[in-house]
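Residue numbers (the working numbering), protein chains in the order written: chain A, 1 to 192; chain B, 1001 to 1557; chain C, 2001 to 2331. In this text, a Cβ means the ideal position worked out from N, Cα and C, and glycines have one as well.
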Amino acid sequence: MSDEKPEAEKPETVEQETSGETSEKPKSEPPAAAKSEPPKAASEPPPASKKSEPAPAKKSEPPRAAADGHGHAHDDHAHGDSHDHGLAHTTPVWLLFAILGALLVLTVATVAVTSIDLGAQGNLVVAMIIATVKAALVCTFFMHLLWDKKFNLVLFLTSVLFLILFLSMATTDRGEYQHLVDEYRAQQLQTK
Amino acid sequence: MASPTTTADAAIPQAKGADDNYLTHDKGFASWAFTLDHKRIGVMYLASVLTAFALGGFFALAVRTELWSPGKTIMEHDTYNQMFTLHGAIMVFLVIIPGIPAALGNIILPLQLGAKDVAFPKLNLASYYLWVIGCLCMLTSLVTNAVDTGWTFYAPYSTTTQTNVIPAAFGAFILGFSSIFTGLNFIVTIHKLRPPGMTFFRMPLFVWALYSTALIQVLATPVIGITLLMMMVERVFGLGIFDPSLGGDPVLFQHFFWFYSHPAVYIMIVPAFGVISEIIPVFSRKRLFGYQFIAISSLAIAFLGFLVWGHHMFTSGQSVLAGTIFSAITFLIAIPTAIKIFNWVSTMYKGRIHLDTPMLYALAFLWVFTIGGLTGVFLAVMGVDIHLHDTYFVVAHFHYVMMGGAITAFLGGLHYWFPKAFGKMYNERTGRLGAIIVFVGLNLTFFPQFILGSRGMPRRYYNYLPEFQGLHQLSTIGAFTLGIGFLLTAVSLARALKSGKKAPNNPWGSVTLEWTTVSPPPYYNFHTPPPVTAGPYDGYEDLVYDDKIGGYVAKKA
Amino acid sequence: MSEPSTATEGATKASAPPPAAHDHDHGHDDHGHGDAHHEDAIHAANPHLAHHFDTPQQQFDAGKLGIWLFLLTEVLFFAGLFCAYTVYRSMHPEVFVYAHYFLDTKLGALNTCVLLISSLTAAWAVRNAQLAEKGKLMLNIVITIGCACTFMCVKYVEYSHKYHDGLLPGHNFQPKEQIWELDSFRHKHPEAAEYAEKLAKLDEKKNEKAPAAGAAAAKGEEHEEKMERPTEEELEPLIAAGLVGPRSLDPSAHISRPRMAHVFFGIYFFMTGLHGFHVLIGIGVWVWMLLKAMKGQFGPNYFGPIDFTALYWHLVDLIWIYLFPLLYLIH
């Protein structure tokens, strides 16, 4: 669940983990349970397989971050201390800049794509896909969801799910009875 | 819990001596107004909610009195419209929604969990003050030109009426945030502040119910917030989203409104299920039947509750397709609900039933809620609903659920936890009498309304045909009976507060954690945090009644 | 006795209470949580640890779950607006095509970039807080606030343009410019622009000829004459430009603008306004964080507030990421 454990520093932290999401087993288990997960999640440069979107961004960006001396200078530092420092994952600076780069590129792309005609719905779909990729990048890296407790991710996805439920039902229904509105309006126009 | 041997009698008193508890820990107005103690915040909620309940009840009696005869009885029709609107808005937003979660839940939830406090005490206090602000906004509308839209604020009437809609809607908006923050606090508390050993499936069902409720609060309430905000902006700037004269769509408003307000129905009733699940095993002296089913069915209700909002809109112009989907899913909700009812009845089966006041309320709940629930299934049928929509049948249905379900359970819970929260015993005789009068009054008030509705008496009407008068009068008599019942209960509890006998730590022989601490609890809830090694409803047989204390203690080995 | 209580309230406020406060809190013996004295030690070592939490980790996790739940409510809070948007866009696409020509894509894109940059600095600030880099933390917060203010300034410029051009919601929708007068439209659909202009002039002439006999009568007259006007075939250029939608029952009304054009501006102002309001709140919270940072409160065991503020800030960014293409980039 929690990615990195400052075990050396204070063992009781691990004990308290029982009050986290997986509390089936009381006291004795947690250290093992808490330890078993992290290695994957916490290993420093995030595995590209985690999410499909980040992959291209990462590949294209490192040169950019490297060019930025400031960002790069901290790179090693981040790798070094992220495990010692406290309660959550520390994001390396180069990664932050890489994500920003990707986001800016995608912003340019979404503006550029507007001038290409992709059909009535095509442009909207493309714009939404790009926006979703951007949103995913922000969530995964800026908002630490990649390293965070999975329950937080579940919560966030739940909100999106309910948003979609709400949108789709209301819009579907509206589409279904729209013809009544149209007929009524046509009638009104005629009587005028 | 599992080891009820840890009654707190044995615990070593804290710094301030044996008598120190959260009520006496600090003195003075500021110690209450700025308290961060969940119990005190709960008590403040309780007092405020009960005051609002009295106000809403007053409007209800005014409405029922007006309906004593066709035409004008005591007030003009405009006043009547304002009365039923205020009754509805106050009861829904100020009383039932915060009633069990914010008032009882705040006092009990951390205790039942074995925690020191809720996760965010300051947020907890803030949500109480948001409640107060919301309440004041509503009262502003009340004393200026009271809103007359019905509690539903349907557009376009709400965007065009001359009455003071904005303060009332803004009040509801604020109250929504109060509710969100309470829910958020509870979810985090349940996830993060459980002591070792308290696993999810060792949590009492009241906690489970509050958890499900909190999920709905967090997920649904923001939508009513934005809806009311849009309605207010539409009213001021003529936005044109809801008002058809500006090209808007009033049905869309109903979608928005019910996307919250149907789940809100479960915000009101699911905590009531939790209370009943606590009371029934205790007073049946028997382990709760089907614990996991009740726990999971709360979540199922919470989830399904989001998928059925359109059943409020069968006659609104909603499409047949949407109506069919919503109708079908609505039937599904009967399943988890029935699971609960069956489990409660099975718990009582072959139990040793003690008819103390809380149990009387619980039994009343079972009766009344079953009627309310089943008539809900009638209304879920689209064809039947076309006939019954907006009649007194609907009024009777939701009063059986809201009033008969939520309020009965609220009173049951209040009587059940009263000794723990205040350290005083109430007079059992007046308590029972109150419960019985409330039960009789409830049925007398609302059963005739089923008949009225099925014969075609529309709801919210000021005037009616003479042939309906008999049933209306019966209903009015019932309403006053209810009033007397509540008054009696209020007097009984007030007297108990003043001069009640000192309550033992465990007057009912309960096995959940809150009863292992002293009554009333100390400032930090537990002198010795109780170890949790088994489920929440084990070990009734390990407790014996002790005449000297007037409560239950652990059986001596 | 108020002394212990004040002290504990201090503890909850995370403002460095005297360690003595915890004697009261944790005076009990062994209690299943482990060693009480050990807990006392943790509390003494972490002045920002509230009394009801046992460890900084627990407090941090609780806060994190809390802020995520709050973000969830924020998403659903905006859901209503997105729903209104979806419904009206699917029913009246021509309104959105028409209206977006009045928005300045460049300013929108600029604001997007500004917010993205502020998101970077916010995320960086979290890192600074974790590593107790006080100076950089303050710098990053200041940049974030600066970006937020830039965003609001650009919004102000946009809003004031709209206001001057009469592009307001509801009854106040009185556009000063017609769509064919807009460069963005002329550039994209020269034919449609010319055609629309021609039709409108025709319209005007007819109206001039018509006897002016009271507002109501004039209105009726206008309508009748409009009804005589071009068939759908003749309106082809306008249809091609997307200005005539499936619900354009009386195409006449769509020459100068679609019937429900004002709804777009209602939605536009509501969405961007509510978003802007969130930005303003964000600025307030960042300023508060800056003050806390100046006191040097943050470090490896206490950086929750910065992290949570940043999460909120990213959500504000996320919403803008969707608003930008939905409002500015309509094809």
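Looking at chain C, is there any beta carbon in it that lies within less than 7 Å of the beta carbon of residue i?
| i | result |
| --- | --- |
| Leu-155(A) | yes |
| Ser-1003(B) | The pLDDT assigned to Ser-1003(B) is 37, lower than 50, so where the model puts this residue is not dependable; a value taken from the coordinates is nonetheless given after this. Not one chain C Cβ lies under 7 Å of Ser-1003(B). |
| Lys-150(A) | no |
| Lys-1116(B) | yes |
| Leu-1239(B) | yes |
| Ala-131(A) | yes |
| Val-138(A) | yes |
| Ala-135(A) | yes |
| Val-111(A) | yes |
| Lys-1192(B) | yes |
| Ala-127(A) | yes |
| Ile-1335(B) | no |
How is residue i classed by DSSP in three states: helix, strand or coil?
| i | result |
| --- | --- |
| Thr-1391(B) | strand |
| Phe-1153(B) | coil |
| Phe-2173(C) | strand |
| Leu-1193(B) | coil |
| Leu-2167(C) | strand |
| Gly-1071(B) | coil |
| Ala-1490(B) | helix |
| Gly-2299(C) | strand |
| Ala-1119(B) | coil |
| Asp-117(A) | coil |
| Gln-2178(C) | coil |
| Leu-2137(C) | helix |
| His-2048(C) | coil |
| Asn-1164(B) | coil |
| Gln-2058(C) | helix |
| Thr-1533(B) | coil |
| Ala-2241(C) | coil |
Checking the sheet assignment: what are the DSSP bridge partners for residue i?
| i | result |
| --- | --- |
| Phe-1293(B) | According to DSSP, which records beta bridges pairwise, Phe-1293(B) is partnered with nothing at all. |
| Gly-1551(B) | Asp-1546(B) |
| Lys-1424(B) | Lys-1502(B) |
| Pro-1458(B) | Thr-1391(B) |
| Glu-2328(C) | At residue 2328(C) the sequence reads Tyr, which differs from the Glu that was named. In the DSSP output, where bridge partners are listed per residue, Tyr-2328(C) has none listed. |
Rank the options by C-alpha distance to the C-alpha of residue i and give the top, closest one.
| i | options | result |
| --- | --- | --- |
| Trp-1515(B) | Pro-1522(B), Tyr-1524(B), Asn-1505(B) | Asn-1505(B) |
| Thr-1528(B) | Leu-1111(B), Ala-1126(B), Ile-1107(B) | Leu-1111(B) |
| Leu-1205(B) | Lys-1340(B), Val-1188(B), Ile-1325(B) | Lys-1340(B) |
| Lys-2064(C) | Thr-91(A), Gln-187(A), Phe-151(A) | Phe-151(A) |
| Gly-1238(B) | Phe-1084(B), Val-1251(B), Ser-1158(B), Gly-1183(B) | Ser-1158(B) |
| Lys-1555(B) | Leu-1139(B), Val-1511(B), Ile-1190(B) | Val-1511(B) |
| Phe-1059(B) | His-1087(B), Ala-1115(B), Arg-1352(B) | His-1087(B) |
| Gly-1071(B) | Tyr-1462(B), Val-1395(B), Leu-1050(B) | Tyr-1462(B) |
| Lys-1039(B) | Ile-1096(B), Thr-1152(B), Ile-1107(B) | Ile-1107(B) |
| Asn-1164(B) | Ser-1178(B), Leu-1142(B), Phe-1177(B) | Leu-1142(B) |
| Val-1401(B) | Leu-1299(B), Phe-1447(B), Pro-1250(B), Pro-1121(B) | Phe-1447(B) |
| Ser-1178(B) | Phe-1393(B), Ser-1212(B), Asn-1525(B), Val-1132(B) | Val-1132(B) |
| Leu-1229(B) | Leu-2326(C), Phe-2077(C), Phe-2324(C) | Phe-2077(C) |
7 Å is my cut-off, CB to CB: does residue i come that close to chain B?
| i | result |
| --- | --- |
| Phe-2277(C) | no |
| Val-2244(C) | no |
| Ala-2217(C) | At Ala-2217(C) the pLDDT is 44, less than 50, meaning the model places this residue with poor confidence; the figure from the coordinates comes in the next sentence. Output row for Ala-2217(C): interface = no. |
| Ala-170(A) | yes |
| Phe-142(A) | no |
Could you tell me whether any Cβ in chain A is nearer than 7 Å to the Cβ of residue i?
| i | result |
| --- | --- |
| Ile-2321(C) | yes |
| Val-2142(C) | no |
| task | Scan the segment 1241-1267 of chain B for residues whose Cβ lies nearer than 9 Å to a Cβ of chain A and list them as they occur along the chain. | result | Contacts with chain A (Cβ-Cβ distance below 9 Å) from the segment 1241-1267 of chain B involve Pro-1244, Asp-1249, Val-1251, Leu-1252, His-1255, Phe-1256, Phe-1259, listed in chain order.
According to a CB-to-CB cut-off of less than 8 Å, which residues of the segment 1311-1322 of chain B neighbour chain A? Gly-1317, Gln-1318, Ser-1319, Val-1320, Leu-1321, Ala-1322
| message | For the segment 173-185 of chain A, list every residue whose C-beta sits within 8 Å of some C-beta in chain C, in sequence order. | response | Closer than 8 Å at the C-beta level to chain C, one finds these residues of the segment 173-185 of chain A: Arg-174, Gly-175, Gln-178, Asp-182, Arg-185.
Checklist entry - Listed in chain order, which residues of the segment 1205-1226 of chain B have Cβ atoms closer than 8 Å to some Cβ of chain C? => result For the segment 1205-1226 of chain B, residues whose beta-carbon sits nearer than 8 Å to a beta-carbon of chain C comprise Val-1218, Leu-1219, Ala-1220, Thr-1221, Pro-1222, Val-1223, Gly-1225, Ile-1226.
Could you name the residues of the segment 2156-2170 of chain C whose beta carbon sits closer than 7 Å to any beta carbon of chain B, in the order they occur along the chain? Pro-2169, Gly-2170
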